[in-house]
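Numbering (our numbering), first residue to last: 8 to 57. This report concerns only the one structure given below.
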């Protein structure tokens, strides 16, 4: 059985940033931490790599 692949193309910009809770400063989203930021992705069982 073939595994599901998902391609995410991230081009940057404000919509792809996360806000620091202490300072309010926006920083670029780090996709190597995506499962920490979006834990709901774990329920789908696919492998993510960045």
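Even glycine gets a Cβ: it sits at the ideal position worked out from N, Cα and C.
Residue i vs residue j beta-carbon contact at 9 Å
| i | j | result |
| --- | --- | --- |
| residue 23 | residue 36 | yes |
| residue 45 | residue 34 | no |
| residue 16 | residue 55 | no |
Neighbourhood of residue i by C-beta, 8 Å cutoff - its chain only, sequence neighbours within 5 removed
| i | result |
| --- | --- |
| residue 48 | 41, 42, 55 |
| residue 50 | none |
Sequence-distant residues of the same chain with beta carbon closer than 6 Å to residue i, five excluded per side
| i | result |
| --- | --- |
| residue 18 | none |
| residue 10 | none |
| residue 27 | none |
If you scan the region 24-50 from start to end, which runs of the alpha helix (DSSP H) of 4 or more residues do you find wholly inside it? With a minimum length of 4 residues, the unbroken runs of alpha helix (DSSP H) contained wholly in the region 24-50 fall at 41-44.
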